[in-house]
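Below is one structure; the comments refer to it alone.
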Amino acid sequence: MKRFALSILLPFVLASCGGFTAPERDRAQWDTELYGVSITWRWVNPGGLGKGRAGRAMVLPGGESCVIDLDPATVRNYLTEVAAHEAGHCLAARHLKVGAEVVSENPHLHELMEQWPQEYAEAYMAECGLSLAPLGWRDTREATCAAPPTPDSIR
């Protein structure tokens with residue numbers, strides 16, 4: 002009889018623990034501003050961008066706003082580089098920048114539309130270190146720059 006009573010009560014007890022949650026994409030989303038571009042950053046479900054893809058920037062040429070999706074599982078060890086690279090896409094579109102000299106063994110980064118954002122990421126890391134604070138994030142790591150590189154400072 003106890004087992005029967007527990008089996009009836011269990012679903013109600015478990016349901017009361019669930020509460021309400023926001024849709025997956027809305028759980029981790031924040032906005033920053035960088036050299037005239039409003040950036041919305043979003044964490045996506047692990048693997049949500051496709052196999053091996055760490056980030057994606059959605060922006061139009063000349064646009065003043067941009068949405069960046071980051072896969073937290075894929076970017077785990079490269080968060081600063083990927084975040085700066087994706088921010089580079091936003092800046093490249095806003096300021097109409099294309100092409101640059103990239104030092105990388107990754108063939109994807111040698112594609113024309115990937116070169117300038119990667120050059121920006123490399124310059125960002127050289128000037129600011131691993132801190133994401135110059136990109137507008139909350140980060141306890143101390144930045145080694147007062148501000149991130151400007152779009153005009155990249156070749």
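When the sequence shown is numbered by my numbering, its final residue is 156 and no position is left out of the sequence of numbers.
Even glycine gets a Cβ: it sits at the ideal position worked out from N, Cα and C.
Check your understanding: Of all the CB atoms in chain D, is at least one closer than 7 Å to the CB of A84?
Key -> Here there is only one protein chain, and chain D is not present.
Review point. Do you know offhand how far P118's Cα is from H96's?
Key: The alpha-carbon of P118 is positioned some 12 Å away from that of H96.
Review point. Looking only at DSSP bridge pairs, what is A58 linked to?
Key: I69
Practice item. Can you tell me which of A55, G37 and E115 puts its alpha carbon nearest to the alpha carbon of R43? Key: A55
**Study point:** Whether E123 touches I155 by CB criterion (7 Å)
**Key:** no
Review point. How big is the Cα-Cα spacing for M59 and E87?
Key: About 9 Å.
Review point. Helix or strand or just coil, what does DSSP make of D153?
Key: helix
Check your understanding: Expressed to the nearest angstrom, what Euclidean distance is found between the alpha-carbon atoms of G37 and L92?
Key -> Cα to Cα, G37 sits roughly 8 Å from L92.
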